[in-house]
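*Asks:* My numbering numbers the first residue of the sequence shown as 107 and each following residue consecutively.
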Amino acid sequence: MESQKNYKNFWNEKAATSVSAFIAVDGSTNEETARLTGQYSARQVTVALDLQPTDRVLELGCGVGRIGRGIAPLVAHWHGTDISSNMIGVARERLGDHANVGFTELSRSSLQPLADASFDKAYCVAVFIHMDKEDFFLYLEEMARVLKPGGLIYFDVWNMASAVGWRRYALEIDQYRAADHSKRKDVARNQFSSPEEVRIFLDRAGFDLTLLLAESPWVQAIAVRRGSNADVAALRRQAEVATTRIAYSPLWTELFAGILDVVVGTSTPQQMWQALSDDSRGEEVPMFREWYLGMWKGNEAGWGPPPR
Ligand SMILES: C[S@@+](CC[C@H](N)C(=O)[O-])C[C@H]1O[C@@H](n2cnc3c(N)ncnc32)[C@H](O)[C@@H]1O
């Protein structure tokens, strides 16, 4: 497929309708699910970046504004950037009631035309996992460029060093094993990283790491752009204290692993549904339930009729 050779075409096709755009960003099949998962991610970003009402904040790969919707009301300016004009179109509609937002459609792995040192904070969730490593690095350099010295960055990438992260990666490997190897790989396929790779990239792109979390299927990193007299040790202490509000929780990882069990056939869709019946376990349960229900509806042929 032609679109698999080019990030822009790929994501514009994925976001051909607003429903398909929602599914492409995180598997959310409706507004309600996107709000639940968006709140979870927005909380992680808010705490990781210690967002302040005076901050100018950049999101790289904003998609439908799943996260930006929760961030824009908290800051002075929120700026969404994305390679896909269709994604930006949906985000623009969803954030239309906020006066402090702006958008830039990107054309390559660069944040041009955004000015040097024009943002206080920047974040990127579930985006670097869909590009070649060179593009990941180029974007980190660009984020360093548009951040003020001392500015903070937060992002996540798939974590092949975690047991559950590796199980997710194994699905990609199996798919590739069975694929036609004479065809070019899909440019936006899921890519996996290690904590060490993230450390190296951040250092080489001009950041000092303040927190690296890698217990879940995600590596999550917070770092400060070099070139200021920011007290990096104090920022590290501040981030460490907030770890439980930034990290994907053990329950998140357990429920994600439960879905992988269904996908590989070691558990049934009904067993997983049962595991999602007890909301007292944590906020992750209702969020996963809606997400999983959407997934079930998309897999009705193999899984049978969904529970509701
Ligand atoms: C999985 S979605 C995540 C969207 C959003 N960050 C969220 O968590 O809801 C990936 C997003 O990254 C964008 N994207 C993919 N490759 C990109 C690239 N090379 N440059 C900029 N944006 C890209 C896609 O268009 C899509 O909106």
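The beta-carbon is built from N, C-alpha and C at its ideal position, and this holds for glycine as well.
Looking only at DSSP bridge pairs, what is S299 linked to?
*Replies:* S299 is bridged to N265.
*Asks:* Flag R172 as yes when its Cβ comes closer than 7 angstroms to any non-hydrogen atom of ligand 1, and as no otherwise.
*Replies:* Yes, ligand 1 has a heavy atom inside 7 angstroms of this Cβ.
*Asks:* Can you name the residues that DSSP bridges to G174?
*Replies:* In the DSSP output, where bridge partners are listed per residue, G174 has none listed.
*Asks:* According to DSSP, which residues form a beta bridge with V125?
*Replies:* None, per the DSSP bridge assignment.
*Asks:* Once you ignore the five residues that flank G312 on each side, which residues in its own chain have a CB closer than 8 angstroms to its CB?
*Replies:* Hits under 8 angstroms: E247, A250, R331, R332, G333.
*Asks:* To the nearest angstrom, how far is it from the Cα of K120 to the Cα of V293?
*Replies:* Cα to Cα, K120 sits roughly 13 angstroms from V293.
*Asks:* How is H185 classed by DSSP in three states: helix, strand or coil?
*Replies:* Correct three-state label for H185: strand.
*Asks:* Alpha helix (DSSP H) containing Y354: first to last residue?
*Replies:* Looking at the DSSP string, Y354 is not in any alpha helix (DSSP H), and its letter there is neither H nor E.
*Asks:* Can you tell which of D337, H185, S355 has the C-alpha that lies nearest to the C-alpha of M393?
*Replies:* Out of D337, H185, S355, S355 has the C-alpha closest to the C-alpha of M393.
*Asks:* Can you give me the C-alpha to C-alpha distance between L164 and F242, rounded to a whole angstrom?
*Replies:* So the two alpha carbons sit approximately 16 angstroms from each other.
*Asks:* DSSP on R251, reduced to helix/strand/coil?
*Replies:* Reduced to three states, the DSSP call for R251 is helix.
*Asks:* Mind the definition here: the stretch 223-234 touches the stretch 162-180 only if three or more C-beta pairs lie below 8 angstroms; say whether that holds.
*Replies:* The stretch 223-234 vs the stretch 162-180: in contact.
*Asks:* Is there a Cβ from chain D that is less than 8 angstroms from the Cβ of V338?
*Replies:* In the displayed structure, chain D is absent; only one protein chain is listed.
*Asks:* Starting from T316, follow the beta strand (DSSP E) in both directions and report where the run begins and ends.
*Replies:* Here the beta strand (DSSP E) through T316 covers 313-319.
*Asks:* Count the other CB atoms within 10 Å of the CB of Y260; is the residue buried (16 or more) or exposed (fewer)?
*Replies:* The residue is buried, with at least 16 neighbouring Cβ atoms inside 10 Å.
*Asks:* Can you determine whether any heavy atom of ligand 1 sits closer than 7 angstroms to the C-beta of M393, and answer yes or no?
*Replies:* Because no heavy atom of ligand 1 lies under 7 angstroms away, the Cβ of M393 does not count as near it: no.
*Asks:* How big is the Cα-Cα spacing for I328 and Q297?
*Replies:* Each residue's alpha carbon lies about 20 angstroms from the other.
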